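Residue numbers in the sequence shown follow the numbering used here, run continuously in steps of one, and reach 194 at the last position. I have placed the structure first, in the form of structure tokens, so that the comments after it can refer back to it.
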Amino acid sequence: MSDIWQHANPQLRDLVAYEPGKPIDEVARELGLEPGDIVKLASNENPLGPSPKALAAMHQALEQAHLYPDGGGYRLRQAIASKFGLEMGNIVLGNGSNEIIEFVGHAFLKPGDEIITAQHAFVVYKLMATLFGATTIEVPDPGFKHDLDAMAAAITPRTRQIFIANPNNPTGTLCHQEEIDRFMAKVPD
6 MSDIWQHANP QLRDLVAYEP GKPIDEVARE LGLEPGDIVK LASNENPLGP
56 SPKALAAMHQ ALEQAHLYPD GGGYRLRQAI ASKFGLEMGN IVLGNGSNEI
106 IEFVGHAFLK PGDEIITAQH AFVVYKLMAT LFGATTIEVP DPGFKHDLDA
156 MAAAITPRTR QIFIANPNNP TGTLCHQEEI DRFMAKVPD
């Protein structure tokens, strides 16, 4: 039997798997605590639970569970576009941010390209770049805040993507709109 990895994408072979946050039950077992004594604020979990309106919408949706869903999310994209004054074609839906970040990689990255991100940023940016054979330029972020001037200075002809999470994950720091606008004025077309 051959080693299956010899046939895998070379960028994938050395990629370290992303490990999402541990479930509350696992943390409780490891620390000898009761699950009810732990409040998890990671992994987009809400310690207050879903809103009653969301629960009602889920129950209503169960009545249509036997039908194949709208894979394009027409009504959701329409509602988002209307709320923010955008065209529906500017709305991309995905199964969490990881999937959308990967969509962007598929669309715009090839081996030898570069992405720019803060030193302390969501780990998936770097994983995605590695998967597509791109190089990640990590810009130091003093005080755990994006240094937008340094990020602009890091742009090269090989730069294809710049990730500025706002608020940043995992640091929680925020860039004001004026800062983003000044940064965007420095980014070439």
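Each residue gets a CB set at the ideal place from its N, CA and C atoms; glycine is no exception. From a predicted model like this one, the values you see are computed outputs, not experimental measurements.
Q.
Excluding the 5 residues flanking His-111 on each side, which residues of the same chain have their C-beta closer than 7 Å to its C-beta?
A. For His-111, where only same-chain residues beyond five positions count, there are no Cβ hits under 7 Å.
Q.
Counting C-beta neighbours from all protein chains within 10 Å, is the total for Lys-131 16 or more, i.e. buried, or is it exposed?
A. By the neighbour-count rule (16 or more Cβ atoms within 10 Å), Lys-131 is buried.
Q.
Please report the distance separating the alpha-carbon of Met-6 from that of Ser-48.
A. A caution first: Met-6 carries a pLDDT of 45, below 50, which makes its placement in the model too unreliable to give a value.
Q. In the structure shown, what three-state DSSP assignment does Gln-69 receive?
A. coil
Q.
So, for Leu-20: in the same chain, excluding its five sequence neighbours on each side, which residues have a beta-carbon less than 7 Å away from its beta-carbon?
A. Leu-132, Thr-135, Leu-136
(Q) With a threshold of 8 Å on Cβ separation, who are the neighbours of Ala-157 within its own chain once the five nearest residues in sequence on each side are excluded? (A) Phe-188, Lys-191, Val-192
Q. Looking at the structure shown, is Gln-182 part of a helix, part of a strand, or coil, going by DSSP?
A. helix
**Q.** Given Asn-171 as reference, the closest of Lys-150, Asp-194, Asp-75 once Cα atoms are compared
**A.** Lys-150
Q. Hey, quick one: how far does the alpha helix (DSSP H) through Gln-83 stretch, first residue to last?
A. 79 to 89
Q.
Are the CB atoms of Val-97 and Phe-89 within a distance shorter than 8 Å?
A. Their beta carbons are not under 8 Å apart, which means Phe-89 does not touch Val-97 by this criterion.
Q. If you check the beta carbons only, do Ile-142 and Ile-121 fall under 8 Å apart?
A. yes
Q: Helix, strand or coil for Arg-163, going by three-state DSSP, please let me know.
A: coil
Q) Where do the N-terminal and C-terminal ends of the alpha helix (DSSP H) with Thr-135 fall, by residue? A) If you look at Thr-135, you'll find it in the alpha helix (DSSP H) that goes 128 to 136.
Q: Check the C-beta distance from Pro-52 over to Lys-58 and give it rounded, since I have them as a contact under 8 Å.
A: Not really, about 18 Å apart at Cβ, beyond 8 Å.
(Q) By the three-class DSSP mapping on this structure, what secondary structure does Met-6 have? (A) Residue placement at Met-6 is flagged as unreliable, the pLDDT there being 45, under the threshold of 50; the coordinate-derived value follows with that caveat. Coil.
Q) Does the Cβ-Cβ distance between Arg-165 and Glu-104 come in under 8 Å? A) no
**Q.** Cβ neighbour criterion (16 or more within 10 Å) applied to Asp-146
**A.** buried
**Q.** Ala-33 beta carbon less than 8 Å from that of Pro-40
**A.** yes
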